[in-house]
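Protein chains in written order, with the working numbering: chain A, 620 to 847; chain B, 620 to 847. For every residue, glycine included, the Cβ atom is placed at its ideal position computed from N, Cα and C. Just so we're clear, the structure is a prediction, and the values are computed from it rather than from any experiment. Written out below as structure tokens is the structure these notes cover.
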């Protein structure tokens, strides 16, 4: 039997990197997919390329979709990224860094590539514990997407295979993710998480993403190699 | 009350043009969305621009996504477009012009734009009668997408509004579509349907899309203005 293939969404951050490492550890031949969608932290694509190579992805595709044509998010429009929010602030409501329908778009593209590759497995590093409150990171969204995916595709119609959306991190804390990553031998110094990097790609340290990352390392009792 | 907004997917062909005309006739302020996805019949985008203007779309966005990076379809890869297929051949199986997950990708992007615009209505000109057998044109796919869409978005989470995917053509024959379009005063000479145009953008006359278009005009007893 040939090695099963999986499409793995990869932003280059802590979560998607750990997710790719898990897919690899489960024996999948991985096709990493990143997006150049007009994000202000476009520098993350350099991390994605490093990670894809280090973790042995068979191919890494960066798909360009200019979501700045729609705007409406601090990541894709001229809107400031919120800084210094407390855990309590993060646990209420949907922040302005939410990019409308981003995971629907990313997963749909992954679905298209999966169908061409004959892959029935798609990995996405969404997390519904230490996260920013995005609606498209919740388990109910993922289940509805999977159901749709199996009606959208030729593979699903022919009943030859079943598309599965894997979300190995969905119930993990950020500290769990850091620990799992290290167990799998991932060099987290390759990753990049900040939404609003400064000159030279320096993490701002104060956006939700930086705060959640720091919380993960602190709770795991490990130093973030990015600060080394 | 302000005029409700709708995002209307627009390829520039007969179906999506009629669909846009129906959305306009129902009183929506229409935001037309087309895709430059590496299709061999990229010339359809010129038709989309003409149609968007003629039908009074408030805005027309052409989003570029290079699906040639995935390939796997006669429309996005170096695969010949089938010619001269009979109705019986077209009614069996999924043809090689199927672009994996295309409508999932297009609708997800429409969803993102709708959310930014505060629109809860999305129009897509899919048809499950005189069509090419694409899985993502079937009513069960559209229903599953709509359900997913309402879990994917901030609007759905807040319960403030409900995303609706409108498919006014889904049960119409191609002749019905031609007739409806003319009732609405649409100049079908602006549209373009061929998958594999020749030099100067001349329709090939023999691909599934040309064959279905001809069938529609013939059964409606009307001359296609494109042949005038």
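Give the residues of chain A in contact with residue i, contact being defined as C-beta atoms less than 8 angstroms apart.
i: residue 649/B; result: Residues of chain A passing the Cβ test: none, with the nearest at roughly 16 angstroms.
i: residue 734/B; result: 691, 719 and 720
Hey, residue i and residue j: beta-carbon distance below 8 angstroms or not?
i: residue 680/A; j: residue 690/B; result: no
i: residue 622/A; j: residue 645/A; result: no
i: residue 636/A; j: residue 776/A; result: no
i: residue 803/A; j: residue 796/A; result: no
i: residue 751/A; j: residue 843/A; result: no
i: residue 730/A; j: residue 768/A; result: yes
i: residue 743/B; j: residue 684/B; result: no
i: residue 815/A; j: residue 718/A; result: no
i: residue 567/A; j: residue 624/A; result: Residue coverage of chain A in this structure runs from 620 to 847, which leaves residue 567/A outside it and unanswerable.
Can you tell me which of the options puts its alpha carbon nearest to the alpha carbon of residue i?
i: residue 746/B; options: 840/B, 832/B and 693/B; result: 832/B
i: residue 822/A; options: 759/A, 724/A and 845/A; result: 845/A
i: residue 633/A; options: 807/A, 837/A and 841/A; result: 807/A
i: residue 763/A; options: 700/A, 727/A, 701/A and 678/A; result: 727/A
i: residue 753/A; options: 716/B, 771/B and 638/B; result: 771/B
At 7 angstroms on the CB atoms, spell out the chain A contacts of residue i, in chain order.
i: residue 701/B; result: Near residue 701/B there are no residues of chain A at all, since even the closest Cβ is about 15 angstroms away, more than 7 angstroms.
i: residue 755/B; result: 771
i: residue 684/B; result: 682 and 684
If you draw a straight line from the C-alpha of residue i to the C-alpha of residue j, how long is it?
i: residue 626/A; j: residue 799/A; result: 20 angstroms
i: residue 783/A; j: residue 825/B; result: 38 angstroms
i: residue 740/A; j: residue 733/A; result: 7 angstroms
i: residue 834/A; j: residue 793/A; result: 7 angstroms
i: residue 841/B; j: residue 748/B; result: 20 angstroms
i: residue 811/B; j: residue 773/B; result: 36 angstroms
i: residue 674/B; j: residue 790/B; result: 23 angstroms
i: residue 671/A; j: residue 651/A; result: 7 angstroms
i: residue 738/B; j: residue 839/A; result: 43 angstroms
i: residue 786/B; j: residue 818/B; result: 33 angstroms
i: residue 759/A; j: residue 721/A; result: 16 angstroms
i: residue 597/B; j: residue 836/A; result: This structure cannot speak to residue 597/B, because chain B is shown only from 620 to 847.
i: residue 716/B; j: residue 630/B; result: 15 angstroms
i: residue 640/B; j: residue 829/B; result: 21 angstroms
i: residue 682/B; j: residue 654/B; result: 5 angstroms
For residue i, go through chain B and note every residue whose CB falls closer than 7 angstroms to its CB, in chain order.
i: residue 727/A; result: 720, 723, 724 and 727
i: residue 759/A; result: 770
Closer than 8 angstroms by beta-carbon distance: list the chain B residues that pair up with residue i, in chain order.
i: residue 657/A; result: Near residue 657/A there are no residues of chain B at all, since even the closest Cβ is about 11 angstroms away, more than 8 angstroms.
Which residues in chain A have a C-beta closer than 9 angstroms to the C-beta of residue i? List them in chain order.
i: residue 766/B; result: 763, 766 and 767
i: residue 731/B; result: 686, 689, 691, 718, 719, 720, 721, 723 and 724
Could you tell me whether any non-hydrogen atom of the ligand ATP is closer than 7 angstroms to the CB of residue i?
i: residue 798/B; result: Summarising the ligand content, the structure contains no ligands, and the ligand ATP is consequently not present.
| task | Evaluate the contact criterion for the stretch 650–666 of chain A versus the stretch 642–658 of chain B: three or more CB pairs, one atom per stretch, below 8 angstroms. | result | Judged by Cβ distances under 8 angstroms, the stretch 650–666 of chain A makes no contact with the stretch 642–658 of chain B, as fewer than three pairs qualify.
Should the stretch 700–709 of chain B be called in touch with the stretch 693–700 of chain A, which here means at least 3 C-beta pairs below 8 angstroms?
No contact exists between the stretch 700–709 of chain B and the stretch 693–700 of chain A.
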